[in-house]
Amino acid sequence: MAFIIPDKILETLICICCHKYLSVKPITVYPNRDVECGRCAVTNKQNQRVGVESLYGKIIENCLFKCINRFDGCRELLTYSQVLDHEKVCLEKTYKCPICYEEMTSFLMLRHFHFNHKDAILGGPAFVFNVNHYSVRLSTYIYQDEDNLFFLYISYSRSESTIKLELVYMGSDKLASNIYHQFTLTSENKEFDINCNSKPSRANEFSIVDASNISHLINVKFKLVYQNIHFLTIAKNVHSSSINNSLERLNKNLNDLTITENVNSSSSSINNSSEESEPNQKKKVQFMYKSPRNYTTQIVEFPSEYNPQCFNCKENCIFSISDSDDVEYYSSPTHNDFLCFCCFQWLTHENRINDNHLYVKHSIISTFLTRFCKWNCGKHFKYSEIVSHEIYCNKRNRSYNCPYTSCGIDNNSALALPDHLKIHDSIKVCASFFKLVKPPFARYVLLEDQVIGIKLTTSDKDGTQCEIIPYDNNIKSERKPHVLFLYNNKFTPLANLPLSSSPEMCTAKIVLVKND
C-alpha cells in the first residue's frame with residue numbers, strides 16, 4: 001500500500017542542488033547537512049564529494065510523490081522508481097516572474113515569491129484594496145489553490161475611475177479555459193456589493209468595475225470553479241496489484257473494504273453508557289478516489305494520522321460543515337494530539353489553548369472526495385455528510401429512548417426515531433451539526449450516547465437565548481453537551497450571530513466535552 005506525502009511535508013523535502021523533491025534514490029547527506037537527491041548524486045561523485053546514504057530512502061519506498069511539474073497541470077502520482085522515467089517525458093516549462101521578470105520553472109515560482117516578493121503572496125481568495133494607495137500602475141500577487149498557481153493583477157485608474165481585475169492561471173491555456181473565477185467587491189460598511197461576471201482564468205480576461213461611487217477601502221474576494229479538470233492520477237504500475245485486489249474485494253464484499261474495526265472491550269470509555277465501542281481511531285482510514293481520466297474507482301488507504309480524533313470532543317476530525325468547505329483540522333507536534341476545526345476555533349476564541357501548546361493546520365487534499373463509514377457498512381460519503389451518516393448508519397448498534405418519558409416506547413434506532421417522534425410533535429431531528437433558522441425554533445439532536453433538545457428564543461430584554469435540554473437522566477458521563485455557533489464557518493458567540501438578516505450562514509455544532 002502506497003501513501004501520499006502531504007504537501008506541507010513535501011515542500012520541505014528539497015534537494016540542495018536541483019531544488020526538486022527528494023523523490024529519487026539514493027538520498028545522500030553530507031557533513032554540512034546538505035541533502036541531495038539521486039538525480040544529482042552522480043555529478044557530486046564525480047566532484048569527489050563524500051556523503052552517506054540516508055535511511056529516508058527506505059521510507060519513500062512506500063510513498064507516492066506528486067510530479068515536480070504539478071503547477072504545470074500534471075497530476076501523476078509516482079513511486080521513487082518511476083520519477084526519472086516520468087520526468088523524461090513530462091518536460092519542465094519556463095515562466096517569467098510577472099514582477100521582476102526572472103525566468104524559472106513552475107516548481108520554483110512560489111519559492112521565488114517567498115524569498116523575493118513575500119508581500120505579494122495572497123494567503124486566501126480575499127484581500128482589502130485601498131484605492132488611495134494605488135495609481136495607474138499594476139499591482140501583482142500570486143495565489144496557490146492546491147496544485148494550481150494564479151497571478152492576480154489589479155490596477156486603479158483615477159482618471160477613468162475604474163478598477164481593473166485579472167486572475168490568470170500559471171499553466172496551459174487549455175487548463176486555464178476550464179478554471180473559472182468570479183470577483184466580488186464590497187465595502188466595509190456594506191454600502192455596495194458588486195458581483196462581476198464569471199470569466200475563464202486565462203490572460204486578457206478582465207473584470208472592470210466602475211469605482212466612481214465607492215469608498216476607498218474595498219473588500220475583494222474571488223471564487224474559483226473547476227470544470228473538467230483532471231485530479232491526481234495514480235500511475236498504472238503503482239502498486240497495481242494492491243489496487244486491483246482492493247477492487248476485487250469491493251465487488252465481492254463491500255464490508256471488507258471499509259475501516260477495519262478492532263473493538264477492544266477492555267479499553268477505557270469516555271462514559272459509562274451502553275454505547276458500542278468506537279472503531280480503533282489509530283487504524284488506517286480509507287478514502288474513495290475517482291479518476292476523471294479513465295473513470296475508474298480506486299480505494300486509497302492512508303495511515304492513522306489521517307484519521308485523527310479530536311482530544312476535546314472525541315470526534316473524528318475529518319468532516320466539513322458544507323460541500324464548499326475544505327476539511328481542516330489541527331495537530332500539536334509538541335503534545336501529540338488533535339483538534340477538530342470547530343473545537344480549535346472555539347478554544348482559540350476562549351483563550352483556552354496554552355501558549356506552549358503549538359498547533360499546525362492540516363487539510364485533506366480535495367482530490368479525495370469521500371471517506372468510508374467507520375461502521376463497516378461499505379458506503380462512502382462526502383465530508384459534509386459523513387457525520388450525519390455515521391449517526392444514522394444501520395450497522396451502528398445503538399438505540400435511543402424517546403424524549404417523552406410518558407411514551408413508554410424505548411430502544412429506537414437512529415433511523416426510526418424521527419418517524420416515531422412525529423406522533424408527539426413536529427420538531428425536526430438532526431445530527432450534531434445543522435443550519436440555523438430565525439428564532440424561535442427547536443431541534444432534537446442525536447449525539448453518540450443520548451438525545452438532547454436545543455431551543456433558541458428571543459426577547460427584547462434578554463436577546464437571543466439558547467437552552468440545552470437533556471432527556472435521559474440515566475446517562476452517566478464525564479462529558480456534557482455544549483453548543484458551538486458558527487457564522488460563515490467561523491466561531492461566533494450567539495449574541496453576535498446575524499440570525500435576523502443572514503440565518504442561512506449560521507450553523508450550530510453540538511460537542512460533548514468534559515466539565516471544567
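Its first residue numbered 1, the sequence shown is counted upward by one per residue in UniProt numbering.
Even for Gly, the Cβ is constructed at its ideal location relative to N, Cα and C.
Out of the options, point me to the one whose CA is closest to residue i's CA.
i: lysine 361; options: Asp355, Tyr330 and Ser399; result: Tyr330
i: glutamine 144; options: Phe129, Gly124, Val131 and Leu497; result: Gly124
i: valine 429; options: Lys438, Gln450, Pro439 and Ile409; result: Gln450
i: lysine 490; options: Tyr156, Ser426, Gly453 and Trp346; result: Trp346
i: aspartate 355; options: Cys373, His335 and Cys37; result: His335
i: leucine 77; options: Lys379, Asp325, Pro6 and Ala211; result: Pro6
i: tyrosine 359; options: Phe368, Leu10, Lys374 and Cys343; result: Cys343
i: serine 406; options: Ile321, Asp472 and Ser388; result: Asp472
i: proline 403; options: Glu390, Ile454, Phe368 and Ile386; result: Ile454
i: glutamate 448; options: Gly463, Cys466, Phe368 and Cys313; result: Cys313
i: isoleucine 321; options: Ser177, Ser388 and Cys466; result: Ser388
i: glutamate 92; options: Gln82, Cys74 and Glu102; result: Cys74
i: asparagine 69; options: Glu467, Lys88, Ser54 and Ile60; result: Lys88
Going by the DSSP bridge assignment, what does residue i pair with across the sheet?
i: isoleucine 318; result: According to DSSP, isoleucine 318 bridges with nothing at all.
i: aspartate 337; result: Ser332
i: serine 157; result: Thr162
i: valine 52; result: Val29
i: lysine 96; result: Glu103
i: lysine 455; result: Ala442 and Glu467
i: glutamate 301; result: Gln286
i: valine 35; result: Val29
i: glutamine 82; result: In the DSSP output, where bridge partners are listed per residue, glutamine 82 has none listed.
i: lysine 514; result: Arg479
i: threonine 186; result: Asp193 and Asn219
i: arginine 371; result: Phe287 and Phe381
i: isoleucine 142; result: Ile121 and Phe151
i: asparagine 412; result: Tyr400
Residue j and residue i - do their beta-carbons sit closer together than 8 Å?
i: residue 575; j: phenylalanine 222; result: The chain is shown from 1 up to 516; residue 575 falls before or after that span and cannot be answered.
i: isoleucine 179; j: leucine 165; result: no
i: valine 35; j: cysteine 63; result: no
i: tyrosine 383; j: arginine 396; result: no
i: asparagine 213; j: threonine 186; result: no
i: asparagine 492; j: leucine 486; result: The sequence shown places threonine at residue 492, not asparagine. Going by C-beta atoms, threonine 492 is nearer than 8 Å to leucine 486.
i: serine 207; j: phenylalanine 183; result: yes
i: phenylalanine 107; j: lysine 20; result: yes
i: serine 332; j: histidine 357; result: yes
i: tyrosine 80; j: valine 24; result: yes
i: phenylalanine 319; j: aspartate 337; result: no
i: arginine 479; j: lysine 422; result: no
i: isoleucine 452; j: isoleucine 427; result: no
i: glutamate 103; j: histidine 112; result: no
i: phenylalanine 381; j: valine 300; result: no
DSSP three-state call for residue i: helix, strand or coil?
i: aspartate 119; result: helix
i: arginine 70; result: helix
i: valine 437; result: coil
i: glutamine 450; result: coil
i: asparagine 204; result: coil
i: histidine 181; result: strand
i: valine 263; result: Confidence is the limiting factor: at valine 263 the pLDDT is only 28, short of 50, which leaves the residue's position unreliable and the question unanswerable from this model.
i: lysine 422; result: coil
i: valine 89; result: helix
i: alanine 508; result: strand
i: serine 241; result: Interpretation of serine 241 is limited by its pLDDT of 39, a score under 50 that renders its predicted location unreliable; the figure taken from the coordinates is listed afterwards. Looking at serine 241 - three-state DSSP - the assignment turns out to be helix.
i: isoleucine 4; result: strand
i: glutamine 345; result: helix
i: cysteine 40; result: helix
i: leucine 13; result: coil
i: glutamate 390; result: helix
i: histidine 482; result: strand
i: aspartate 323; result: coil
i: alanine 126; result: strand
i: phenylalanine 65; result: strand
i: valine 360; result: strand
i: leucine 499; result: coil
i: phenylalanine 491; result: strand
i: lysine 20; result: coil
i: aspartate 210; result: strand
i: alanine 395; result: Per the sequence shown, the amino acid found at residue 395 is lysine instead of alanine. Residue state, collapsed to three classes: coil.
Could you tell me whether any non-hydrogen atom of the ligand NAD is closer than 7 Å to the CB of residue i?
i: lysine 395; result: Inclusion of the ligand NAD in the displayed structure is not the case, the ligand content being empty and no account of it being possible.
**Item:** Meets three-Cβ-pair contact criterion under 8 Å: the segment 499-515 and the segment 430-437
**Value:** yes
**Three-pair Cβ contact test at 8 Å for the segment 198-213 versus the segment 117-125** = no
**Request:** Answer yes if the segment 411-423 comes into contact with the segment 444-461, meaning at least three C-beta pairs across the two stretches below 8 Å, and no otherwise.
**Result:** yes
**Asked** Is the segment 50-58 touching the segment 98-113, taking contact as three or more C-beta pairs under 8 Å?
**Response** no
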